[in-house]
Structures are given as structure tokens and as C-alpha cells.
Amino acid sequence: MSIPHKLAKMSPQSYLDWEKTLDIKHEYIDGEVYAMVGARDAHVTVAGNIFALLHSHLRGGPCRIYMADMKVRVESVNAFFYPDVVVTCDERDRKNDYFKIHPHVVIEVLSDSTAAYDRGQKFARYRASPALREYVIIDPDRISVEVFRLDNTGHWVLYPFSAGQKVEFASVDFRVAIEALYENVTVPPEIPPLSDP
1 MSIPHKLAKM SPQSYLDWEK TLDIKHEYID GEVYAMVGAR DAHVTVAGNI FALLHSHLRG
61 GPCRIYMADM KVRVESVNAF FYPDVVVTCD ERDRKNDYFK IHPHVVIEVL SDSTAAYDRG
121 QKFARYRASP ALREYVIIDP DRISVEVFRL DNTGHWVLYP FSAGQKVEFA SVDFRVAIEA
181 LYENVTVPPE IPPLSDP
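For the sequence shown, position 48 (counting from the first letter as 1) is numbered 48 according to the numbering used here, and the numbering increases by one without interruption.
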């Protein structure tokens with residue numbers, strides 16, 4: 001997903017009311033709105049795979065999972081985002097039809113235009129959400145998943161996963177072979193590192 005075009009400044013309520021009238025999604029950061037663009041096949045397929053796997057795993061429990069069209073509000077930084085997949089386990093979120101405030105797990109599938117933003121400023125803003133326990137970045141172009149997990153000391157710790165490993169989202173007790181996230185996606189083979197002469 002991307003934020004390519006800056007639009008007019010508005011209040012959170014004006015943004016929510018205005019966006020309900022549109023077919024195009026916009027993210028909102030402190031009064032400014034940004035149009036989003038569509039995603040490539042690999043991006044959408046990976047997001048769909050993780051949604052399906054998590055939905056099956058969480059079925060019947062207290063957590064709910066949403067993808068693509070559900071906004072997450074981070075009140076302390078006055079922002080609304082559209083993560084590719086979000087899990088909320090807080091009953092208070094069931095009262096909001098258009099956005100969730102208490103994300104437990106946020107998953108972003110990288111795009112060429114947003115990779116640095118997803119890892120940097122966007123992650124920093126998501127961290128302002130007190131409910132967030134794991135932030136997941138999935139690269140659709142190579143078998144690579146990065147799970148940033150909040151530890152008991154309040155630090156975010158990176159757990160990287162690659163081919164042949166099982167990805168773990170500890171906060172929702174979820175484990176799956178990483179290759180399952182890439183079902184129906186053609187991933188180019190990894191280029192081995194150069195060896196010293």
C-alpha cells in the first residue's frame with residue numbers, strides 16, 4: 001500500500017465522514033490525508049494467505065481478524081492506517097464499525113514504494129498504540145518475515161524468519177511454516193552471497 005498524494009487537511013471526524021463517500025482509501029496522519037494505491041498480485045496473495053491462516057487459527061476465540069479495508073486508529077499520534085491484516089483481541093473494538101483502536105497484531109506486506117516507511121515512521125506511529133504486541137513485516141518478493149515483538153521490559157525485539165522456518169506470532173499462539181504464507185506466489189530464488197577469492 002502507498003501514500004502517494006497529499007490531500008486537504010481535516011479533522012479526524014471530517015476524515016471519517018468524507019472517506020465513507022469515496023471508493024479510494026486514504027490514510028490520515030495528524031490532519032493530513034494521503035491517497036493509497038492498489039497492490040500487486042503477490043502482495044494481495046500473501047495478505048490473503050496470512051488472513052486465511054490466522055482466521056482459521058483464531059476461530060471461536062476472543063480475537064477478530066481483519067484485512068485491507070479496516071482502519072486502525074492510533075489516537076496518541078492522531079493517525080488512521082490501513083494495515084494489510086490486523087488482529088484485535090479487545091472487546092471494545094467490536095463497537096467500532098469503521099476502525100479499530102486496540103490492535104494486538106499488525107501485519108504489513110511490503111511494497112516497493114512503502115518499504116522504508118513501513119519499517120520506519122509507520123512502525124514508530126503504530127508503537128504508540130498501548131495494545132500492540134507484535135508488528136509483522138512480510139516481503140512478498142522473497143521468503144522473509146520480520147516479527148517485531150514487545151518484550152516484558154517494553155523493548156521491541158526483532159525475530160526474523162526465512163525459508164525452511166516456522167513463523168511465530170507469540171501473542172496469539174500462532175505458528176506456521178513460512179512457505180504457507182507464500183502459497184501461489186512465485187518467489188525468485190535467493191542469490192547466494194559472493195564467496196571470497
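Virtual Cβ for every residue (Gly too), placed ideally from N, Cα, C.
Predicted model only: the values in this text are computed from it and were never measured.
Where residue i sits in the DSSP three-state scheme
i       : result
Arg-125 : helix
Thr-88  : strand
Tyr-15  : helix
Ala-115 : helix
Tyr-98  : coil
Val-37  : coil
Val-109 : strand
Ala-177 : strand
Val-44  : helix
Val-187 : coil
Proximal residues to residue i (C-beta, below 6 Å), its chain only, five neighbours per side dropped
i       : result
Ile-138 : Val-46, Val-109 and Val-145
Phe-174 : His-57
Arg-133 : His-104, Leu-150 and Ser-171
Distance between residue j and residue i (C-alpha atoms, nearest Å)
i       : j       : result
Tyr-34  : His-26  : 5 Å
Ala-131 : Ala-116 : 24 Å
Asp-23  : Ala-180 : 31 Å
Thr-114 : Val-86  : 18 Å
Val-176 : Lys-95  : 31 Å
Thr-186 : Asp-141 : 8 Å
Ile-50  : Arg-92  : 24 Å
Arg-119 : Gln-13  : 28 Å
Val-72  : Ala-163 : 30 Å
Asp-84  : Pro-188 : 22 Å
Leu-16  : Tyr-28  : 9 Å
Lys-166 : Val-44  : 21 Å
Nearest candidate by alpha-carbon position, reference residue i, set the options
i       : options                              : result
Ile-178 : Gly-61, Glu-168 and Thr-186          : Glu-168
Ser-111 : Val-37, Tyr-15 and Val-72            : Val-37
Ile-143 : Tyr-182, Ser-76 and Val-176          : Tyr-182
Ala-68  : Tyr-82, Gln-165, Gly-60 and Arg-59   : Tyr-82
Trp-221 : His-104, Ala-124, Ser-129 and Tyr-98 : Outside the displayed span of the chain (1 to 197) sits residue 221, for which this structure offers no information.
Val-77  : Gly-164, Ser-129 and Asn-184         : Ser-129
Asn-152 : Pro-160, Ala-170 and Lys-166         : Ala-170
Lys-20  : Gln-165, Met-70 and Arg-64           : Met-70
Ile-65  : Leu-158, Lys-166, Ile-107 and Asp-30 : Ile-107
Residues bridged to residue i (per DSSP)
i       : result
Pro-160 : Glu-146
Phe-80  : Tyr-28 and Arg-73
Pro-103 : Thr-88
Ile-138 : Val-109 and Val-145
Ile-50  : Paired residue(s): none; Ile-50 is not in a bridge.
Same chain only: Cβ atoms within 8 Å of residue i, ignoring 5 sequence neighbours per side
i       : result
Trp-156 : Arg-127, Tyr-135, Phe-148, Arg-149 and Leu-150
Arg-40  : Ser-111 and Pro-140
Contact set for residue i: own chain, Cβ-Cβ below 7 Å, skip 5 residues either direction
i       : result
Asp-90  : His-102 and Ala-131
Arg-125 : Val-74, Val-77 and Ala-79
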